[in-house]
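In the order they appear, the protein sequences are chains B and F.
The opening residue of the first sequence carries number 247 in the working numbering; numbering runs sequentially from there.
The opening residue of the second sequence carries number 2 in the working numbering; numbering runs sequentially from there.
Glycine included, C-beta positions come from ideal geometry on N, C-alpha and C.
Each remark here refers to the structure printed beneath this line.
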Amino acid sequence: MKYTAPTKQGYFGKYGGKFVPEILIPVLEELEIAYEEVQNDPIFQKEYHDLLREYVGRPTKLTYANRLTDYYGRGKIYFKREDLCHTGAHKINNAIGQLLLAQKMGKTRIIAETGAGQHGVATATACAKFGFDCVIYMGAEDMERQKLNVDRMRLLGAEVRSVESGSQTLKDATNEAIRDWVTNVENTFYIIGSVVGPHPYPMMTRNFHRVIGEETKDQLKDFEGRLPDYLIACVGGGSNAIGFFYPFIEDEDVKMIGIEAAGLGAETNQTAATLTIGTPGVLHGSMSYLLHNDEGQIQLAHSISAGLDYPGIGPEHSYLHDTKRVHYFGITDKQAMNAVKLISEKEGIIPAIETAHAMAYLETLMPLTQKDEIVVVNCSGRGDKDMKTISEWFSK
Amino acid sequence: MNRMIAQQSRIQSLFKNRDSDKKIMSLFITAGYPDLESTVDLVLGFEKNGAEIIEIGMPFSDPLADGPTIQYSNNVAIENGITMNKIFEMVSEIRKQSEIPIILMGYINPVLRYGAEAFCKKAEESGVDGLIIPDAPIEESSIISDHAKKHKLDLIFLVAPNSTDSRMKQVDEHSSGFVYCVSVTGVTGARSGEEVAKSVERFISRVNQHVTKNPKLVGFGIKSHEDAEIIAKEVDGFIVGSALIDSIKKDYPNKDWKQNVFSFVKQLKYGNI
């Protein structure tokens with residue numbers, strides 16, 4: 247079936263839209279027009295893809311995980327190696343794309359929010375490369391648990407502003423970035439780090455990441471001569487997952503699995519499993535599933551992974567969930583940390599804790615697969631940034 | 002378009018009967034701030050001291066268009082245990098004693114969580130006259146507009162300094178009651194009068210050219226009678242929110258806190274007398 251979402255108004259089914267203060271309406275309209283232009287502009291596209299190749303290091307590899315495959319003794323497992331991107335995660339695909347767009351629009355100042363710090367690092371990197379002023383909003387708690395990334399951003403010349411409100415994590419950093427944006431609309435471009443926010447951000451960010459799925463498709467065709475049976479990716483806001491899934495949406499035989507962070511368990515209130523236990527609502531400019539109480543107050547999410555610690559999710563994931571094109575499951579902190587260890591030992595790859603959530607699902611999935619089936623996991627980022635959390639966890 | 006309603010709303014008749022050389026003063030207070038018990042008293046006291054419209058803020062955990070002051074009052078109110086039903090009870094209580102136009106202002110998520118239809122029905126029953134939902138611009142307003150109309154609630158939209166001329170016309174077309182003119186691009190919060198006055202003149206002259214159906218109130222950054230006189234010179238009136246909350250925050254819970262707030266309100270309206 248032909249997949250055409252979103253609509254011109256930015257809707258994926260009933261999710262998405264532009265729930266923003268009036269001040270942002272002209273800004274989003276300007277952005278929509280500019281984005282539409284560059285989408286069809288061969289010069290822009292060439293510049294973007296040249297940067298992905300020569301600076302980001304694309305195409306990233308598709309690695310056969312032979313020891314992990316042997317360990318489970320069932321289907322074949324591949325990793326799409328976004329951890330090999332410059333800066334250590336997929337986030338830079340989007341940061342570079344949006345920065346080029348900002349440049350084309352004549353904006354001079356860049357702001358971004360960050361959770362794990364990977365989007366912050368990617369944005370700070372792109373700003374350094376292009377000579378832009380850069381302010382990164384980051385929750386105080388996240389600055390603590392991702393200190394390495396804070397140091398990296400500062401070294402790259404970005405100003406990192408600590409956000410002390412609310413849960414002091416990604417949600418609050420996003421609020422603060424939006425407040426900056428409405429105050430400085432004239433010269434400032436907000437590089438949103440996930441497939442969240444008002445239209446056209448979810449669509450634009452998806453399209454800057456679709457290269458992940460496109461490469462996977464080509465590479466697997468070379469190796470195996472066919473499409474995969476399963477794709478697995480972790481989902482916070484959901485940018486790596488949507489970039490990975492999107493090129494396969496119309497391939498109906500490819501089963502897709504999104505993994506949310508269940509924290510201490512989806513049945514506890516210490517969780518970030520938005521699709522598992524949330525209901526639709528509006529946060530950060532779009533309609534999507536949310537964790538909120540009966541009064542519509544946003545609940546604090548919990549995950550050991552700063553990048554997944556978010557009470558919302560991209561609107562396209564809500565749509566893919568409702569239509570059952572993608573199936574979403576929760577993985578707890580403990581399951582994810584076990585996967586960090588397993589993947590490190592079996593494959594010589596230390597995954598980011600976010601990424602490890604996707605890998606942890608192999609425990610459930612692999613026993614159900616046949617020997618001739620192929621599973622590809624998006625290895626969205628590397629775990630260096632998490633070494634402090636990882637060491638503390640395993641010394642407990 | 003909204004003139005289908007034969008009877009004029011409280012807001013509409015207020016503007017119709019306005020003395021043309023007097024400005025309408027609308028005051029914003031977060032429901033449940035500084036405590037649940039005071040909201041009704043505060044509103045009645047605001048009216049006695051010169052307020053002609055009351056905007057009651059419906060607290061939200063993530064008020065992304067608000068500056069630190071209103072973020073703070075929202076947090077306090079949520080900690081105090083404010084709920085949508087308590088807000089409706091407050092309005093009913095005010096209605097027993099006053100005919101002042103009451104507007105509920107807040108973010109869309111708590112409204113949708115309550116149910117847009119149930120919310121509008123309950124609002125009408127309690128005596129609410131209008132709604133301001135800053136994160137439901139006209140693109141997204143269909144989510145609530147039919148229910149609002151059915152329950153005789155004016156739906157007030159905003160224009161900002163960066164709104165285009167044609168956007169202003171559109172907002173005017175969709176609004177009823179009045180149009181809320183945001184004086185500066187930014188979040189809510191008191192600012193220096195000069196900062197606002199500098200840019201507001203050109204904006205207001207564009208507003209007056211393109212918003213012709215509805216009365217206009219200007220808000221954001223007004224913290225004194227003098228600010229209001231300059232900024233609201235060419236419109237129907239002005240809105241004060243953050244400065245009022247700041248004034249409560251300064252004195253609460255000292256013995257005379259309410260009296261001090263009411264004096265401030267009087268000063269906002271009449272200047273130093």
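DSSP places P267 (chain B) in no beta strand (DSSP E); its state is neither H nor E. Using a CB distance cut-off of 8 Å, N110 (chain F) counts as an interface residue toward chain B. Going by DSSP, R407 (chain B) is part of the beta strand (DSSP E) stretching over E405 to V409. When the five nearest sequence neighbours on each side are left out, the beta carbons in the same chain lying within less than 6 Å of the beta carbon of H567 (chain B) are those of L521 and Y574, in order along the chain. A residue is called buried when at least 16 other Cβ atoms come within 10 angstroms of its Cβ; M247 (chain B) does not meet this threshold and is exposed.
If you look at T360 (chain B), you'll find it in the beta strand (DSSP E) that goes R355 to T360. Among the residues of chain B, those whose CB is under 8 Å from the CB of T165 (chain F) are P272, following chain order. With fewer than 16 other CB atoms across the displayed protein chains lying within 10 angstroms of its CB, Y249 (chain B) is exposed. Chain F has no Cβ within less than 8 Å of the Cβ of N515 (chain B). Taking 8 Å as the cut-off, the Cβ atoms of I104 (chain F) and D67 (chain F) do not count as close. Taking one beta carbon from each stretch, the region 124-139 of chain F and the region 84-99 of chain F have 3 or more pairs nearer than 8 Å; the two touch. When DSSP states are grouped into helix, strand and coil, R628 (chain B) belongs to the strand group. The C-alpha of S177 (chain F) is placed about 47 Å away from the C-alpha of S551 (chain B). For R452 (chain B), the enclosing alpha helix (DSSP H) starts and ends at Y447 to H455.
Cα atoms of I595 (chain B) and R628 (chain B): separation of roughly 8 Å, rounded to the nearest angstrom. Around the beta carbon of A119 (chain F), a 10 Å sphere encloses fewer than 16 other beta carbons of the protein chains shown; the residue is thus reported as exposed. Inter-segment contact for the region 20-35 of chain F and the region 140-158 of chain F is absent: fewer than three beta-carbon pairs are separated by less than 8 Å.
Not flagged as an interface residue toward chain F: G459 (chain B), since no C-beta distance is shorter than 8 Å. R168 (chain F) is classed as buried because its beta carbon has at least 16 other beta carbons within 10 Å across all chains shown. In the three-state reduction of the DSSP assignment, A191 (chain F) falls in the coil class. Residue contact check for T429 (chain B) against chain F: a CB pair falls below 8 Å. Distance from the CA atom of R313 (chain B) to the CA atom of A280 (chain B), rounded to whole angstroms, is 47 Å. Per DSSP, reduced to three states, the secondary structure at K501 (chain B) is strand.
For C121 (chain F), no beta strand (DSSP E) segment is defined; the enclosing uninterrupted segment is the alpha helix (DSSP H) at A117 to S127.
As the crow flies, the alpha-carbon of S413 (chain B) is around 12 Å from that of M389 (chain B). The Cβ atoms of T415 (chain B) and D632 (chain B) do not sit closer than 8 Å to each other. Under a criterion of Cβ atoms nearer than 8 Å, the residues of chain F adjacent to D540 (chain B) are, in order, R114. T360 (chain B) places its beta carbon less than 8 Å from that of G439 (chain B). Per DSSP, K326 (chain B) is one residue of the beta strand (DSSP E) stretching across K322 to R327. Taking C-beta atoms under 8 Å as the contact rule, R327 (chain B) and L308 (chain B) qualify, at a distance of about 7 Å. No residue range can be given for F179 (chain F), since it is assigned to no beta strand (DSSP E) and is classified by DSSP as neither H nor E. About 17 Å separates the CB atoms of L245 (chain F) and P102 (chain F); that is not less than 8 Å, and the two are not in contact.
For the pair G560 (chain B) and I274 (chain F), the Cα-to-Cα distance works out to about 55 Å.
By the criterion of a C-beta distance shorter than 8 Å, F263 (chain F) is surrounded in its chain by G46, F47, K49 and N50, once the five residues flanking it on both sides are discounted.
Taking all protein chains shown into account, D426 (chain B) has 16 or more neighbouring C-beta atoms within 10 Å of its C-beta and is therefore buried. Here the alpha carbon of Q392 (chain B) sits roughly 22 Å from the alpha carbon of I424 (chain B).
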